[in-house]
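What follows is a set of notes on a single structure, which appears directly below.
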Amino acid sequence: MKFTTKVKSLRNGMEFTHGIRRALMGTLGLIYFLSFGFNIISVTTLFSISTLIMLFFEFPTGAIADYDSRKKSIMISFILMAIAFFGLFFFKGFWLLAGSWILGDIAWTFYSGAGGAWSIDALNIGKKKSKIVSLISKGYFFEKGGHIIGGLIGLIVVSINFSYIWLFVSVSNLFMFFIVAKYMEERNFTPEKVSHNYLMKSIIKAKESFKFLIHEKNKQLRVLIIGNFLGVFAISVFFIGMPLLFTEILSLNPGQLSGITSIVAALTIISPIIAGKIAQTKGIKNSMIISIFIVSVSIIVFAFSQSIIIAVIAFAILQLSIAAVDVMEDSAYHHEFDSKIRASLGSLSNVIWAIGFSISVFLAGISISFFGVVPTLVISGLLVLLEAIIYIFGLKK
14 MKFTTKVKSL
24 RNGMEFTHGI
34 RRALMGTLGL
44 IYFLSFGFNI
54 ISVTTLFSIS
64 TLIMLFFEFP
74 TGAIADYDSR
84 KKSIMISFIL
94 MAIAFFGLFF
104 FKGFWLLAGS
114 WILGDIAWTF
124 YSGAGGAWSI
134 DALNIGKKKS
144 KIVSLISKGY
154 FFEKGGHIIG
164 GLIGLIVVSI
174 NFSYIWLFVS
184 VSNLFMFFIV
194 AKYMEERNFT
204 PEKVSHNYLM
214 KSIIKAKESF
224 KFLIHEKNKQ
234 LRVLIIGNFL
244 GVFAISVFFI
254 GMPLLFTEIL
264 SLNPGQLSGI
274 TSIVAALTII
284 SPIIAGKIAQ
294 TKGIKNSMII
304 SIFIVSVSII
314 VFAFSQSIII
324 AVIAFAILQL
334 SIAAVDVMED
344 SAYHHEFDSK
354 IRASLGSLSN
364 VIWAIGFSIS
374 VFLAGISISF
384 FGVVPTLVIS
394 GLLVLLEAII
404 YIFGLKK
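The working numbering puts the sequence shown at residues 14 to 410.
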């Protein structure tokens, strides 16, 4: 097998596995915790704290990838994921479940910067915008495939035993650990040998990343980070309210909800590829702004839906548009990154994501408790609109 084919196949396989995990976590994670009788504010607070804990691991794990080995970092991620989701399957008490959830978030930090850094540097396409867009869009395509399979698994397995979905996720991550160990190669990457421990290494890389971010020539990267922070905040609020609207207002059970997410993922599976093609021909800025506007409108329509059909249509359009925005934002990020600190800059963007997610999830739980699901979703839609405005005035073509 050609090296380039192997790199792309491995990346797509990893994204597929993460798609399965994300589909089940995003759709059923909150409902699973609530099924034990836990309070919604307690659960959303857990999700918020878990993300903050994840934040503190971003730069140390980015340092492992940038100094030593992207492969090593990715392998650690998959084995920790396997352990974490086995814990969700096995434990029943709140604190043990919470520990497993937190471990899963920590495990993600070992992949978040390293996955993209490994594939882009291995293929030597760091300054080739069209090839970055193509690679990332195809990765999202396979992630959507994972969403489909994850949703179908949820539909079938929840009717047997809710906890078995986490066992499946655990086994799939363990499988990817062995695949990465056997087939991944690192090229166009030279480990840096410095006489520091990982704490000092992470501090050095954090300083380099922040210095890069605040440099006057990197204004576009700052605009992207500000807009992305607002978008993450808004979308995180939406995905807390979404399963509650389906189950509490439209009266679906968890298995039906999982099935709907699978159908929606199937309908939107080609959206990342389409987004990549549009971005290459129409430009990233304009394509991204239009997609964000569609996300905003879709959220508001979804919030006021009184029928399952309208809600599913709005949700499908929303997911299609989010996939498009993700491809364009990731491509724009990597085009602005420096190869020497690519994983650490990826970690920096994930720190921003973690802060936005943590604050929004905590506030979403409070908002839903005091104001209800619908007003909370409307606020989410309006915040997405503000993200589009920031990009209109802040980004170059």
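Virtual Cβ for every residue (Gly too), placed ideally from N, Cα, C.
{"Query": "Member of V397, Q293, T40 whose CA lies at the smallest distance from the CA of G164", "Result": "T40"}
{"Query": "N- and C-terminal bounds of the alpha helix (DSSP H) containing F315", "Result": "297–316"}
{"Query": "Cβ-based neighbour list, Y45, same chain, cut-off 7 Å, excluding 5 preceding and 5 following", "Result": "F175"}
{"Query": "Presumed contact (8 Å Cβ cut-off) between F103 and I282, rounded CB distance", "Result": "The pair is not a contact, with the Cβ atoms about 32 Å apart (cut-off 8 Å)."}
{"Query": "Within 7 Å, strictly: CB atoms of F107 and F60", "Result": "no"}
{"Query": "Beta-carbon gap between D134 and N25 smaller than 7 Å", "Result": "no"}
{"Query": "Distance between beta carbons of I173 and D118, contact taken as under 8 Å", "Result": "Incorrect: roughly 27 Å between the Cβ atoms, too far for contact."}
{"Query": "Outcome for L148 when other beta-carbon atoms lying within 10 angstroms are tallied against a minimum of 16", "Result": "buried"}
{"Query": "Per-residue DSSP class, three states only, for V171", "Result": "coil"}
{"Query": "Backbone CA spacing between V314 and S284 [nearest angstrom]", "Result": "20 Å"}
{"Query": "Beta-carbon spacing of I326, G394 below 7 Å", "Result": "no"}
{"Query": "Short Cβ contact (7 Å threshold) for K298 with L408", "Result": "yes"}
{"Query": "Whether S249 touches F370 by CB criterion (7 Å)", "Result": "yes"}
{"Query": "Backbone secondary structure at E198 - three-state DSSP", "Result": "coil"}
{"Query": "Where L408 falls: helix, strand or coil (DSSP)", "Result": "coil"}
{"Query": "Backbone secondary structure at T294 - three-state DSSP", "Result": "helix"}
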